[in-house]
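One structure is given below, encoded as structure tokens.
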Amino acid sequence: GFKSQFLDNRVRLNGAVYMMKYKDMQQDLDVPAPGTSTGRENRTINASKADLNGAELELTAKPIDALTLTGNIGYLDAKYKDFFGDIYSTGTPVDATFLKLRRAPKWTWNLGATYEADIGPGKAWISGSVHYIGGHEITFLNNPNIRNDGQYIVDASINYQIEKTTISVFGKNLTGEDGWSIGYDVQN
Numbered sequence: 002g003f004k005s006q007f008l009d010n011r012v013r014l015n016g017a018v019y020m021m022k023y024k025d026m027q028q029d030l031d032v033p034a035p036g037t038s039t040g041r042e043n044r045t046i047n048a049s050k051a052d053l054n055g056a057e058l059e060l061t062a063k064p065i066d067a068l069t070l071t072g073n074i075g076y077l078d079a080k081y082k083d084f085f086g087d088i089y090s091t092g093t094p095v096d097a098t099f100l101k102l103r104r105a106p107k108w109t110w111n112l113g114a115t116y117e118a119d120i121g122p123g124k125a126w127i128s129g130s131v132h133y134i135g136g137h138e139i140t141f142l143n144n145p146n147i148r149n150d151g152q153y154i155v156d157a158s159i160n161y162q163i164e165k166t167t168i169s170v171f172g173k174n175l176t177g178e179d180g181w182s183i184g185y186d187v188q189n
């Protein structure tokens, strides 16, 4: 990776390339459990190996004293390797290398801006950002009914600070994006 600052310290550019190799990775798997109140139980299995390779780039720029612009982008290639396991709870291991890792979007990015000014006895600023999270799996078995498609999340705020007191009006997820945070492969 690298970190840099230039143009009289008004621009900061950081970047990184990384590789993570998991050996004996464990995953939680929901399996049928007849006779239980939920009809399912959670089991931990050895997913063998997984490789995660990625890159990130981050930029912060201050074109004028009152304005700060930010942006970042991330790429992730996450794959199981040599994964043989009893993923269907049949007692027979199968080649499960085709599965995608949960919560591992290929692309993410963010763009933001903050404008600030001295007003009266304090300081005011407005901020806004757009954050993109690429489509990703939520369940271990990649259930297409509980998969998150790409999401654009918009946040904004108006703020005023006098000494140690800050008053803010803000909105999170202003576009009302919906997504799953957890899902289960409940069967039958």
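Sequential numbering from 2 applies to the sequence shown in the working numbering. We put the CB at the ideal spot given by N, CA and C, even for glycine.
Bounding residues of the beta strand (DSSP E) (the contiguous stretch that carries residue 64): 41-65
Beta carbon of residue 141 nearer than 9 Å to that of residue 30: Taking 9 Å as the Cβ cut-off, residue 141 and residue 30 qualify as a contacting pair.
Beta-bridge partners of residue 157, as assigned by DSSP: Under DSSP, residue 157 takes part in a beta bridge, and its partners are 129, 172.
C-beta contact flag for residue 115 and residue 176 at 9 Å: Between residue 115 and residue 176, the CB-CB gap reaches or exceeds 9 Å.
Limits of the unbroken beta strand (DSSP E) element including residue 68: Segment 68-82, the beta strand (DSSP E) holding residue 68.
Inter-stretch contact at 8 Å, needing at least 3 Cβ pairs: the stretch 118-127 / the stretch 141-152: no
Segment contact flag, the stretch 34-43 with the stretch 76-84, C-beta cutoff 8 Å, min 3 pairs: no
Those residues which DSSP pairs with residue 149 across a bridge: 137
Rounded distance between the beta-carbons of residue 186 and residue 192, thought under 8 Å: Nothing in the structure corresponds to residue 192, since the chain is present only between 2 and 189.
Spatial neighbours of residue 3 in its chain, beta-carbon cut-off 6 Å, leaving aside the 5 residues before and after: Cβ neighbours of residue 3 beyond the five flanking positions: 16.
Simplified DSSP state of residue 181, which is helix, strand or coil: coil
Secondary structure of residue 163, DSSP reduced to three states: strand
6 Å CB neighbourhood of residue 134 in its chain, flanking five on each side removed: 106, 109, 152
Whole-angstrom distance between residue 53 and residue 94, CA atom to CA atom: Going from the Cα of residue 94 to the Cα of residue 53 covers about 24 Å.
Beta-carbon spacing of residue 26, residue 62 below 9 Å: For residue 26 and residue 62, no; Cβs fall outside 9 Å.
Beta-carbon gap between residue 23 and residue 55 smaller than 9 Å: no
Beta carbon of residue 47 nearer than 9 Å to that of residue 86: yes
Outcome for residue 49 when other beta-carbon atoms lying within 10 angstroms are tallied against a minimum of 16: buried
Sequence-distant residues of its chain with Cβ nearer than 6 Å to residue 169 (five each side left out): Its chain contains 158, 160 as the residues whose beta carbon lies nearer than 6 Å to that of residue 169, once the 5 sequence neighbours on both sides are disregarded; these appear in chain order.
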